[in-house]
Amino acid sequence: LITIREALEKYSPDAIRIFVLSSHYRSPLTYSAEALEAAERGSDRLAQVISRDDLTGGAGEALDAEPYRKQFIEAMDDDFNTAQALGVLFDLARDINRLSDEGYSVVRGQQLLLELANVLGLTLEPLEKPSLDAEPFIELLLSTREQLRQASQFQLADEIRARLAELGIALEDTPQGTVWRIKR
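Heads up, the sequence shown is in UniProt numbering, so the first residue is 1 and it goes up one at a time.
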């Protein structure tokens with residue numbers, strides 16, 4: 001058993017909304033810490049796609065966002081099926097990341113993701129960046145990690161990743177290089 005106040009102290013408002021919206025409104029909602037943690041991870045994934053600033057370049061707009069809008073509307077028209085509507089958001093986020101990694105611009109996809117998320121009450125606020133004091137140090141660690149990887153010293157490179165994860169810094173290796181973010 002957990003109170004709303006306790007949930008808000010431990011989880012982001014978006015995570016709580018995703019947790020509630022992942023179940024049909026006529027079905028019982030069973031609380032579990034694991035389900036709320038999964039909702040938090042989902043919230044982080046969506047917010048990360050919105051806050052990525054490396055998605056603007058590329059060889060034209062490759063993502064046709066309108067089928068996602070249509071699927072979202074169909075889900076909501078189907079007896080307010082918010083779980084299915086959330087699935088559309090995650091599909092859109094996955095395709096935004098995939099096409100961006102292939103070098104395409106997906107700005108319209110980002111805009112639609114934010115628009116549809118707002119319909120569900122999700123803010124997808126940008127993930128916090130650390131103070132300017134920590135940023136150069138993190139960039140130095142990432143540079144060192146990349147040099148270790150190039151020298152095939154993967155155990156040491158993985159140790160840097162693990163230590164940063166302990167400090168709440170998530171690393172994502174992309175074709176354009178390593179991107180880091182603060183985990184909520």
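Yeah, the Cβ is synthetic: ideal placement off N, Cα and C, and Gly gets one too.
On a predicted model such as this, the values are computed, not experimentally measured, just so you know.
- DSSP places residue 18 in the helix class (H, G or I) of the three-state scheme.
- At a Cβ-Cβ threshold of 8 Å, residue 18 and residue 39 count as neighbours.
- Measuring C-alpha to C-alpha distances from residue 73 to each of 87, 62, 63 identifies 87 as the nearest.
- When the alpha-carbon of residue 98 is set against those of 62, 79, 37, the nearest one is in 62.
- Cα atoms of residue 89 and residue 120: separation of roughly 10 Å, rounded to the nearest angstrom.
- The beta carbon of residue 75 is closer than 7 Å to those of 81, 84, 85, 88 in its chain, skipping five residues each way along the sequence.
- Judged by DSSP in its simplified three-state form, residue 171 adopts strand.
- One Cα belongs to residue 116, the other to residue 46, and the distance between them is close to 11 Å.
- Comparing C-alpha distances from residue 31 to each of 6, 102, 1, 24 shows the shortest one belongs to 1.
- With contacts defined by Cβ atoms closer than 8 Å, residue 7 and residue 29 do not form a contacting pair.
- Following the DSSP letters along the chain, one finds residue 177 in no alpha helix (DSSP H) but inside the beta strand (DSSP E) bounded by residues 177-182.
- Straight-line measurement puts the Cα of residue 183 at about 24 Å from the Cα of residue 147.
- For residue 96 against residue 113, the beta-carbon gap comes to about 7 Å, under 8 Å, which counts as contact.
- The distance from the Cβ of residue 157 to that of residue 145 is about 5 Å, consistent with a contact at the 8 Å cut-off.
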